[in-house]
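**Student:** Under our numbering, think of the first position of the sequence shown as 36, with each following residue one higher. Positions of the beta carbon are idealized from the N, C-alpha and C atoms, including for glycine.
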Amino acid sequence: MSVGAYLSAAVSVFVAPRLFGDLAAAGAFAQGGVFLLALLVGGLAAALAGLVVGVPSLRLRGDYLALVTLGFGEIIRVVFQNIEVLGGALGLNAIPAYTSIFWVLAFVATTIFTVACLVNSTYGRGFLATHDDEIAATAVGLNTTHYKIVAFVVGAFFAGLAGGLYGHFKLTITPTGFDFTKSIEIVVMVILGGMGNTLGVVLAAILLTVLPELLRPVAEFRMIIYSLLLVLLMLLRPQGLFNLRFRAPPGWRKTGP
Numbered sequence: 036m037s038v039g040a041y042l043s044a045a046v047s048v049f050v051a052p053r054l055f056g057d058l059a060a061a062g063a064f065a066q067g068g069v070f071l072l073a074l075l076v077g078g079l080a081a082a083l084a085g086l087v088v089g090v091p092s093l094r095l096r097g098d099y100l101a102l103v104t105l106g107f108g109e110i111i112r113v114v115f116q117n118i119e120v121l122g123g124a125l126g127l128n129a130i131p132a133y134t135s136i137f138w139v140l141a142f143v144a145t146t147i148f149t150v151a152c153l154v155n156s157t158y159g160r161g162f163l164a165t166h167d168d169e170i171a172a173t174a175v176g177l178n179t180t181h182y183k184i185v186a187f188v189v190g191a192f193f194a195g196l197a198g199g200l201y202g203h204f205k206l207t208i209t210p211t212g213f214d215f216t217k218s219i220e221i222v223v224m225v226i227l228g229g230m231g232n233t234l235g236v237v238l239a240a241i242l243l244t245v246l247p248e249l250l251r252p253v254a255e256f257r258m259i260i261y262s263l264l265l266v267l268l269m270l271l272r273p274q275g276l277f278n279l280r281f282r283a284p285p286g287w288r289k290t291g292p
């Protein structure tokens, strides 16, 4: 997510003005085109980062793989913290305010639709088989290495797009905005929503975003209550809070790898 945020912001702040001039006077259409370009660059850069971390991590499984990905996120944060052209520890500011509710809803809808169609395709069954039992998947002839790499790259691409939207909404991004706490927060959203449950993860993300705001009247106990609720939910609903399944539209043609 940090890779996508920084690279897309760099395109909007440094590259676009040199290529296209004064975007403030260019109109909404030109600004939208630049924003799409920035998001695409951020997504592709994040996908490349996913490939870089995915290939050497293929021999790891379960908790060890999770630790490697979390550690890689910390490495990226420290790297950005020491790149002066991107603001260093102070971060990158003066990012254009391109993100709107329209862009967010369009991104969410496109992501859910893409993931649902992918999971319900023949190719997606390979992902599920690799996730559920990698040894059994290998025994029936699936190239689990290929599926794991693709999962890393696709997941990183969408995370990069989200980072681009985040940066153009906050208008200022700093390395501390993508620290270990942020990584854990995203992991908790996935676990709480239910592993492999697309719509459940979306609902969990909404819940965990709104819940701290609802607890503001008891500000001194807010984080304690928030943490206790999360622990209770994990203990009582280890399979995830939501059991809903989002399936592809009827008639969607399933395609193989």
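Just to confirm the assignment, what range does the alpha helix (DSSP H) spanning D168 have?
**Tutor:** To locate residue 168, count along the sequence shown from 1; it is residue 133. Unbroken run through D168: none, as it is neither H nor E.
**Student:** Any idea which residues DSSP pairs I208 with across the strands?
**Tutor:** The residue given as residue 208 occupies position 173 in the sequence shown. DSSP output for I208 lists L127 as bridge partner(s).
**Student:** List the endpoints of the continuous alpha helix (DSSP H) containing S92.
**Tutor:** The sequence position of residue 92 within the sequence shown is 57, counting from 1. S92 -> no alpha helix (DSSP H), and no H or E assigned at all.
**Student:** Would a C-beta distance cut-off of 8 Å place A197 and I130 closer than the cut-off?
**Tutor:** One-based indexing of the sequence shown puts residue 197 at position 162. One-based indexing of the sequence shown puts residue 130 at position 95. Their beta carbons are not under 8 Å apart, which means A197 does not touch I130 by this criterion.
**Student:** Beta carbon of F187, beta carbon of G89: below 8 Å?
**Tutor:** In the sequence shown, counting from the first residue as 1, residue 187 sits at position 152. In the sequence shown, counting from the first residue as 1, residue 89 sits at position 54. A contact, by the Cβ cut-off of 8 Å.
**Student:** Can you list, in chain order, the residues of its chain whose CB lies under 6 Å from that of G291, leaving out five sequence neighbours each side?
**Tutor:** For the purposes of this step, residue 291 is taken as residue 256 along the sequence shown, with counting starting at 1. Legend: pLDDT at G291 = 47, less than 50; position of this residue unreliable, value from coordinates given subsequently. Hits under 6 Å: T157.
**Student:** Output the distance between the C-alpha atoms of R282 and L276, rounded to the nearest integer angstrom.
**Tutor:** Position 247 of the sequence shown, counting from 1, holds the residue named residue 282. Position 241 of the sequence shown, counting from 1, holds the residue named residue 276. Caution applies to R282, whose pLDDT of 48 falls short of 50 and renders its modelled position unreliable; the model cannot decide the point.
**Student:** What do you reckon, is the C-beta of L54 under 7 Å from a heavy atom of the ligand ATP?
**Tutor:** Absence of the ligand ATP is noted for the structure shown, with no ligands found whatsoever.
**Student:** Does the Cβ-Cβ distance between F142 and L200 come in under 8 Å?
**Tutor:** Counted from its first residue, the sequence shown places residue 142 at position 107. Counted from its first residue, the sequence shown places residue 200 at position 165. Result yes, Cβ atoms of F142 and L200 sit closer than 8 Å.
**Student:** Here's the rule I'm using: 16 or more other beta-carbon atoms within 10 Å means buried, otherwise exposed. How should N128 be labelled?
**Tutor:** Along the sequence shown, one-based indexing puts residue 128 at 93. Label assigned to N128: exposed.
**Student:** So for G199, helix, strand or coil by DSSP?
**Tutor:** As a working note, residue 199 is residue 164 in the sequence shown. In the structure shown, G199 sits in a helix (DSSP, three-state: H, G or I).
**Student:** When you compare only the Cα positions, how much space is there between A164 and L100?
**Tutor:** For this step, residue 164 is matched to residue 129 along the sequence shown. For this step, residue 100 is matched to residue 65 along the sequence shown. So the two alpha carbons sit approximately 17 Å from each other.
**Student:** Would I208 and Y41 be called neighbours here (beta carbons separated by less than 8 Å)?
**Tutor:** Within the sequence shown, residue 208 is the residue found at index 173, counting from 1. Within the sequence shown, residue 41 is the residue found at index 6, counting from 1. The answer is yes: Cβ separation under 8 Å.
**Student:** Please return the same chain residues whose Cβ sits closer than 7 Å to the Cβ of E109, not counting the five positions on each side in sequence.
**Tutor:** For the purposes of this step, residue 109 is identified with residue 74 of the sequence shown, where counting begins at 1. Once the five neighbours on either side are set aside, the close Cβ partners of E109 are F215.
**Student:** In the DSSP assignment, the alpha helix (DSSP H) including A144 goes from what residue to what residue?
**Tutor:** As a first step, residue 144 is located in the sequence shown; it is residue number 109 there, counting from the start. Element bounds for A144: 136–154.
**Student:** Could you name the residues of the same chain whose beta carbon sits closer than 8 Å to that of L249, not counting the 5 residues immediately before and after it, in chain order?
**Tutor:** Taking the sequence shown and counting its residues from 1, one reaches residue 249 at position 214. Taken in chain order, the list of residues that qualify is empty.
**Student:** Within 10 angstroms of its Cβ, does L54 collect 16 or more other Cβ (buried), or is it exposed?
**Tutor:** Residue 54 sits at position 19 when you count from the first residue of the sequence shown. The residue in question, L54, is exposed, as its Cβ has fewer than 16 Cβ neighbours within 10 Å.
**Student:** Would you identify the three-state DSSP class for M36, choosing helix, strand or coil?
**Tutor:** Mapped onto the sequence shown, residue 36 falls at position 1. In this structure, M36 counts as coil in the three-state DSSP scheme.
**Student:** Identify which residue in G195, I241, G159 has its Cα closest to the Cα of T179.
**Tutor:** Within the sequence shown, residue 179 is the residue found at index 144, counting from 1. Of the candidates G195, I241, G159, the one whose C-alpha sits nearest the C-alpha of T179 is G159.
**Student:** Between N117 and I259, what straight-line distance do the alpha-carbon atoms span, to the nearest angstrom?
**Tutor:** Looking up residue 117 in the sequence shown gives position 82. Looking up residue 259 in the sequence shown gives position 224. Computed Cα separation, rounded: 34 Å.
**Student:** By a C-beta neighbour count over all protein chains shown, 10 Å radius and 16 as the cutoff for buried, is A51 buried or exposed?
**Tutor:** For this step, residue 51 is matched to residue 16 along the sequence shown. Flag for A51 reads buried.
**Student:** So, is the C-beta of V46 closer than 8 Å to a C-beta in chain D?
**Tutor:** Among the protein chains of the structure shown there is no chain D, as only one such chain exists.
**Student:** So, under 8 Å CB-CB, I184 and L270 are touching, yes? Tell me the CB distance rounded to an integer number of Å.
**Tutor:** As a working note, residue 184 is residue 149 in the sequence shown. As a working note, residue 270 is residue 235 in the sequence shown. Contact doesn't hold; Cβ gap of about 34 Å is too wide.
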